[in-house]
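The structure appears below as structure tokens.
Take a look at the structure:
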């Protein structure tokens, strides 16, 4: 007899985490890395990744103490309801903010590179509606979609990296370890937000089918983007050098523009790559949008998130339309990622308090 | 009944959305720009020559029909590159498209005044690919595009393929520079060597190179100096050098390089404020043509002699180009500054601005090792 299985499977957890991390930032990642630490960027991004993965372990530890609740509920249990609710609203604002920035970053790149005559608003509305449609289907559908899309995204990134090796020049990667420890510390701090995405574990943990395996599989899910990000930075600096990479708005796209596809059946590799990048942005935004609607529902103690998901749409759109130009978009994304670091700190505090007060749920 | 009505509405709506090509632009409406020539215009202006593909002409040539032209050249006076694009629009019924741009050719006069400002557009424009090659032409670039290759290819494709193919087999054609490479180089002001294209009678030639100092073109290097340049830059794939052996240096032997490796090791002399670059060249190759007595090549002494003379020749070629760049151009087109920055990062951080003085005092120490592997099919 076939048993109906509820919840997110192990492998889906892997791809869910992975797609939450690989989002729009893939395009600008090598720039952020080489801006932060020059040629040492490759190592700094690796260190930032290792630090992030240890935070991921701590988050999983926290979520494991309350296997039936999301952070919205157990923050109320740990730090009494009122501050807990306030924190829940804060989390909601963060998730909404991320959805908005993903939407705007996505639309801006599409307008700049592909649909140059389409109004920005149209691109944003179409994308937001597609995401809404996806979100209304629930977390299980989203995880299935991630399971389907994420391997393709990782594959396209891998192809980009491999084909870029033709233009690779090892000398561009020197000098290494010349500037002392300081750039490493600063750079690590600068690059931590790049890996944001694993904090979704605070919300999706209760939906997992097999809770004892979540940590292992989410670490797998973290490992894929980590590997991709490090090699991508390595290749970008190897091809363009740290200075030019830091001066390029979307260095990943620039790498794609420099590729000769063997056999030349696809003259423009950059367009080919963009297709998969759209997948990546789509899954990222779907996850965050879903979690935003979920968190506000839980803050009010309600069950059905769908009305909120629909109601949120204009707000996400407004956040997305807020920045007036590319400079403001970059600034805005930076603020949002600072809030993201705040979320990490907050969850660490929760973990500490729950340990001290020996609070445990479910 | 309601279900059927729903279905009907759905079908109508779907059929409406399926006609989604309302804003498509036919491929014939695009002007695919294959090559761009930029020359000096009157006063501060520039003259831009666009070479635009005519798909009908290319297809006719492919089918052996001949006849029709495969490209059309349009000349525009403008203040800068984007301004030229605007003016081009008023001269053609098509929309310019850069996704197939093969070459950008700067005229001699214009490049003497600087090319950096004219490259900005190409690096900023999202449509541009980074495989476009950048050259400097002898005389005005406009002349170059007037040469029509006999095989029906466009001039731009012809130049582009010429650079790609010949630089692998010929030593006198240095490795071309494309936009991706320029993006890297222009991150800080540096000297470089661009490909040179010149019109000789009715033919095009890409022999030699153009030295660009900071961003101004300052002079040519000839084909012999290009050989030295390629050897020093470690870009040699294949290629032949001519050597003469024998007591009276009358016997000519052609030595074909089939593999070459160059290692550059800088050494700082702080007192003299200079660098000594020890260059180790390891070359192997075949004897491919022997003058005079054809049966003398199968002989250990002969082979040794060839190796020795080849070493001398390589040394002369390398020193020749180094001296030319250092003494007459005072330009570090070999990119030795990058080698120094890699080996002496702390020195580089402090003395970056003094690099030119260090370079002018620097010396080249060559250590060439040539091995002859084969002598062809005649014993």
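Chains as they are written, first to last, in this note's numbering: chain A, 1 to 362; chain B, 1 to 379.
Glycine is no exception: its CB is placed at the ideal position from the N, C-alpha and C atoms.
Best match in the options for proximity to residue i [C-alpha to C-alpha]
i: residue 12 of chain A; options: A:300, A:312, A:331, A:283; result: A:283
i: residue 197 of chain B; options: B:137, B:174, B:359, B:222; result: B:137
i: residue 135 of chain A; options: A:10, A:355, A:292, A:216; result: A:292
i: residue 140 of chain A; options: A:163, A:290, A:18, A:107; result: A:290
i: residue 252 of chain A; options: A:200, A:41, A:261, A:229; result: A:229
i: residue 364 of chain B; options: B:216, B:228, B:250; result: B:228
i: residue 207 of chain B; options: B:186, B:281, B:170; result: B:170
i: residue 278 of chain B; options: B:238, B:268, B:96; result: B:268
i: residue 42 of chain B; options: B:212, B:77, B:34; result: B:77
i: residue 38 of chain B; options: B:82, B:370, B:262, B:89; result: B:82
i: residue 261 of chain A; options: B:346, B:129, B:87; result: B:129
i: residue 300 of chain A; options: A:164, A:73, A:215, A:133; result: A:73
i: residue 338 of chain B; options: B:328, B:324, B:356, B:329; result: B:356
i: residue 249 of chain B; options: B:28, B:97, B:312; result: B:312
i: residue 188 of chain B; options: B:353, B:10, B:13, B:12; result: B:353
i: residue 340 of chain A; options: A:204, A:91, A:6, A:46; result: A:91
i: residue 181 of chain B; options: A:254, A:274, A:183; result: A:254
i: residue 248 of chain A; options: B:183, B:80, B:122, B:201; result: B:183
Beta carbon proximity, residue i to chain B, threshold 8 Å
i: residue 30 of chain A; result: no
i: residue 349 of chain A; result: no
i: residue 112 of chain A; result: yes
i: residue 243 of chain A; result: yes
i: residue 198 of chain A; result: no
i: residue 240 of chain A; result: yes
i: residue 247 of chain A; result: yes
Where residue i falls, given that 16 or more other Cβ within 10 Å makes a residue buried
i: residue 95 of chain A; result: buried
i: residue 294 of chain B; result: exposed
i: residue 145 of chain B; result: buried
i: residue 65 of chain B; result: The predicted position of residue 65 of chain B is uncertain, since its pLDDT is 48 and thus under 50; a value taken from the coordinates is nonetheless stated next. So residue 65 of chain B counts as exposed.
i: residue 173 of chain B; result: buried
i: residue 15 of chain B; result: exposed
i: residue 378 of chain B; result: exposed
i: residue 332 of chain B; result: buried
i: residue 161 of chain B; result: exposed
i: residue 237 of chain A; result: buried
i: residue 225 of chain A; result: buried
i: residue 119 of chain A; result: exposed
i: residue 350 of chain A; result: buried
i: residue 185 of chain B; result: buried
i: residue 376 of chain A; result: Outside the modelled stretch of chain A, which goes from 1 to 362, sits residue 376 of chain A, for which no answer is possible.
i: residue 89 of chain A; result: exposed
i: residue 176 of chain A; result: exposed
Expected contact under 8 Å - CB spacing of residue i and residue j to nearest Å
i: residue 298 of chain B; j: residue 375 of chain B; result: 6 Å
i: residue 260 of chain B; j: residue 283 of chain B; result: 5 Å
i: residue 287 of chain B; j: residue 368 of chain B; result: Not a contact, Cβ separation roughly 17 Å.
i: residue 268 of chain A; j: residue 99 of chain B; result: 6 Å
i: residue 279 of chain A; j: residue 52 of chain A; result: About 23 Å; that fails the 8 Å criterion.
i: residue 319 of chain A; j: residue 100 of chain A; result: 3 Å
i: residue 75 of chain A; j: residue 87 of chain A; result: 5 Å
i: residue 316 of chain A; j: residue 128 of chain A; result: 6 Å
i: residue 221 of chain B; j: residue 362 of chain B; result: Actually they are not in contact, since the Cβ atoms of residue 221 of chain B and residue 362 of chain B sit about 18 Å apart, beyond 8 Å.
i: residue 345 of chain B; j: residue 178 of chain A; result: 4 Å
i: residue 187 of chain A; j: residue 21 of chain A; result: Not really, about 19 Å apart at Cβ, beyond 8 Å.
i: residue 281 of chain A; j: residue 146 of chain A; result: Contact doesn't hold; Cβ gap of about 13 Å is too wide.
i: residue 51 of chain B; j: residue 73 of chain B; result: 5 Å
Neighbour flag for residue i against chain A, beta carbons, 8 Å
i: residue 80 of chain B; result: no
i: residue 174 of chain B; result: no
i: residue 192 of chain B; result: no
i: residue 214 of chain B; result: no
i: residue 117 of chain B; result: no
i: residue 342 of chain B; result: yes
i: residue 346 of chain B; result: yes
i: residue 221 of chain B; result: no
i: residue 338 of chain B; result: yes
i: residue 209 of chain B; result: no
i: residue 94 of chain B; result: no
i: residue 183 of chain B; result: yes
Selection of the stretch 158 to 185 of chain A by Cβ proximity to chain B, strictly under 8 Å
Per Cβ criterion, the list reads 167, 171, 172, 174, 175, 178.
Which residues, in order along the stretch 290 to 315 of chain B, keep a beta-carbon less than 9 Å from a beta-carbon of chain A?
With the criterion set as a beta carbon lying under 9 Å from some beta carbon of chain A, the stretch 290 to 315 of chain B has no members that meet it.
What residues in the stretch 252 to 284 of chain A have a beta carbon less than 8 Å from any beta carbon of chain B?
Those residues of the stretch 252 to 284 of chain A that come within reach of chain B (Cβ to Cβ, closer than 8 Å) are 254, 257, 258, 260, 267, 268, 270.
Select from the stretch 26 to 58 of chain B all residues with a C-beta closer than 8 Å to any C-beta belonging to chain A, and list them in chain order.
Within the stretch 26 to 58 of chain B, not one residue has a Cβ closer than 8 Å to any Cβ of chain A.
Selection of the stretch 98 to 131 of chain B by Cβ proximity to chain A, strictly under 7 Å
Cβ contacts with chain A: 99, 126, 129, 130, 131.
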